[in-house]
Amino acid sequence: MPSRSSPASGPSSPWDGEFARYFGERAHSLRSTAYLLCGDWHRAEDLAQAALLKLYLAWPRLARHDALDAYARKIVLRTFLAENRRSRWKRERLTDAPPDVPAPAAETEHDQLIQQALAALAPRQRAVLVLRYFEDLSVEETAAALGCRTGTVKSQAARGLATLRTRLGPHFEALPVPGRR
Amino acid sequence: MDSDDTEAVRALFAQAPDGPPMQVDAADVIVRGAAIRRKRKRWAVAGSSAATVAVIVVAGLAVGSRGTEQPPVMPAGPGLATVSPAPSSPAGPMKTSTDPLQAPAPGPEVSPGSPDKPPPTEPTGQRAGTSRPAQPPRAHPTTSERAPASLRSPAGTASLPSPTSG
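Structure representation (C-alpha cells):
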C-alpha cells in the first residue's frame, strides 16, 4: 500500500514564503536575545530555533501579524524559562565540538564579561534586564511578556542591577556610559 | 545612580557580539514544522477514528445487553374452558373433580385446566367447543373450573348439580 504522506520537501504551505521572509529578518535578533538570556551561543541558537518552530506552527492561527516580534520574543523568553525550570540532569548539553579543545579565539574579553555577569543573575532577573535594557520594553510591556505584575518587574530589575554591580565590580564602573567620565 | 546603572547595563548589552553564523535556516524550520504538522494531523485522524469506533462499540454493547437482560416471556396460564356460576356448596363436587384421572373421559373439545400440567398456550377464545371469550386468570379458581367436563354443558352455561339434589 503506498504511503499517502508527502515527502519532507513536498507541497509547501501558503505561508511558507511569508515565514521565510520573517525568519531572514528577525532570526539573528532573536538569537541575540536568547544569547543574553542564556550566555551560550549554541543554546541561544537552539532557543531561537525552537521559538521559530513554534512560531511557524502557530503562523496560520496568528490574527495580528504586526505583533509578531512581541510574540516571538515571548516564545523565546518562555522557552528559556521553561528549560531552566527543568532539573539540570535532564537538560541537553548541545555542543558541536569535543569538550577538550581550547577556547575559540573569537571569544573576547567582553564575551567573558557578559557571561560572568549573566551567570550571576537568576533566570528571571536576567529576563527582566534583557527585556528592559536590551529590548527597550517598558515596565508594563515587560510585565506582560513575563506574565507578572509591574511591581515584580521593578523589584527584579533593581535586584538584578545590584547583583550586576556587585559581581562586575570595577568592570561595571568601566562600562562606557554616555555622560559619565 | 540608578540611571547610571541602567545606562551601564544598556552599554553592556549593546556591546554584545554578533556571534557565529547561524547554522539553521528557514528551510530547516519549515521542513520540521511540516513534519510536525503531518504527525499531528495523523494523530488527530487516528484519535477521532478510535473515538468513533469506541462509541459504536459501547452503543452496541449497551443495546445488546439491554435485549438480553429482559426477563423471559412467561406463558400465560391455562385458559378458562367454561365458566359457570359458583355453586352454593362447593365441598362435595370439588373433591371428586380434582383428580382428572378418575374423571370420565373428557370430551375432545373441552380441556380442563390442570394446575400440574398446564396445556400449551392457546387463544382461549378460539377453542372449539367453547363459546365464552377469554377471561383474565384468577388466583383461586372456582369449583366449576375444576369440574369434570362431563358435568359441564357444551355451551358452558349449565350449572353443576347440587350434591343434595340427586
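Heads up: the protein sequence lines correspond to chains A and B, in order.
Going by the UniProt record's numbering, the first sequence opens with residue 1, and the numbers climb by one from there.
Going by the UniProt record's numbering, the second sequence opens with residue 1, and the numbers climb by one from there.
Using N, Cα and C, we set each Cβ at its ideal position, and we do this for glycine too.
Residue j beta carbon less than 8 angstroms from that of residue i
i, j, result
"residue 150 of chain A", "residue 143 of chain A", "yes"
"residue 35 of chain A", "residue 47 of chain B", "no"
"residue 51 of chain B", "residue 19 of chain A", "no"
"residue 133 of chain A", "residue 10 of chain B", "yes"
"residue 115 of chain A", "residue 156 of chain A", "no"
"residue 119 of chain A", "residue 131 of chain A", "no"
"residue 45 of chain A", "residue 24 of chain B", "yes"
"residue 184 of chain A", "residue 12 of chain B", "No answer is possible for residue 184 of chain A: the residues shown for chain A start at 1 and end at 181."
"residue 167 of chain A", "residue 5 of chain B", "no"
"residue 27 of chain A", "residue 81 of chain A", "no"
Chain A contact for residue i (CB, 8 angstroms cutoff)
i, result
"residue 45 of chain B", "no"
"residue 6 of chain B", "yes"
"residue 74 of chain B", "no"
"residue 10 of chain B", "yes"
"residue 33 of chain B", "yes"
"residue 121 of chain B", "Because the pLDDT at residue 121 of chain B is just 48, under 50, the model does not fix this residue reliably, and the value given afterwards should be weighed accordingly. No, its Cβ sits nowhere closer than 8 angstroms to a Cβ of chain A."
"residue 19 of chain B", "yes"
"residue 26 of chain B", "yes"
"residue 16 of chain B", "yes"
"residue 63 of chain B", "no"
Test: residue i CB closer than 8 angstroms to a CB of chain B
i, result
"residue 19 of chain A", "yes"
"residue 27 of chain A", "yes"
"residue 214 of chain A", "Because residue 214 of chain A is not part of the residues shown, which for chain A are 1 to 181, the question remains open."
"residue 78 of chain A", "no"
"residue 114 of chain A", "yes"
"residue 43 of chain A", "no"
"residue 40 of chain A", "no"
"residue 16 of chain A", "yes"
"residue 32 of chain A", "yes"
"residue 117 of chain A", "yes"
"residue 165 of chain A", "yes"
"residue 146 of chain A", "no"
"residue 52 of chain A", "yes"
"residue 151 of chain A", "no"
"residue 13 of chain A", "yes"
"residue 24 of chain A", "yes"
"residue 156 of chain A", "no"
"residue 125 of chain A", "no"
"residue 36 of chain A", "yes"
"residue 131 of chain A", "no"
"residue 57 of chain A", "yes"
"residue 47 of chain A", "no"
"residue 266 of chain A", "With chain A running from 1 to 181 in the structure shown, residue 266 of chain A is simply not present."
"residue 111 of chain A", "yes"
"residue 137 of chain A", "no"
"residue 175 of chain A", "yes"
"residue 121 of chain A", "no"
"residue 142 of chain A", "no"
"residue 161 of chain A", "yes"
8 angstroms contact criterion, which residue i and residue j should meet: CB distance rounded
i, j, result
"residue 51 of chain A", "residue 37 of chain A", "Rounded, the Cβ-Cβ distance is 11 angstroms, inconsistent with contact."
"residue 30 of chain B", "residue 16 of chain A", "5 angstroms"
"residue 121 of chain A", "residue 129 of chain A", "7 angstroms"
"residue 17 of chain B", "residue 111 of chain A", "6 angstroms"
"residue 57 of chain A", "residue 76 of chain A", "With 8 angstroms as the limit, residue 57 of chain A and residue 76 of chain A do not qualify as a contact, their Cβ atoms being about 15 angstroms apart."
"residue 34 of chain B", "residue 13 of chain A", "7 angstroms"
"residue 55 of chain A", "residue 71 of chain A", "7 angstroms"
Proximity to residue i [Cα-Cα], best of the options
i, options, result
"residue 40 of chain A", "A:133, A:147, A:58, A:113", "A:113"
"residue 169 of chain A", "A:138, A:117, A:85", "A:117"
"residue 21 of chain A", "A:68, A:44, A:63, A:109", "A:68"
"residue 135 of chain A", "A:23, A:73, A:172", "A:73"
"residue 83 of chain A", "A:32, A:43, A:139, A:109", "A:43"
"residue 28 of chain B", "A:49, A:33, A:32", "A:49"
"residue 33 of chain A", "B:81, B:15, B:76, B:38", "B:15"
"residue 171 of chain A", "A:66, A:23, A:109, A:63", "A:109"
- Task: With a floor of 4 residues, list each alpha helix (DSSP H) that falls wholly inside the region 7-85 of chain A, ordered by position along the chain.
- Result: 16-38, 41-58, 68-85
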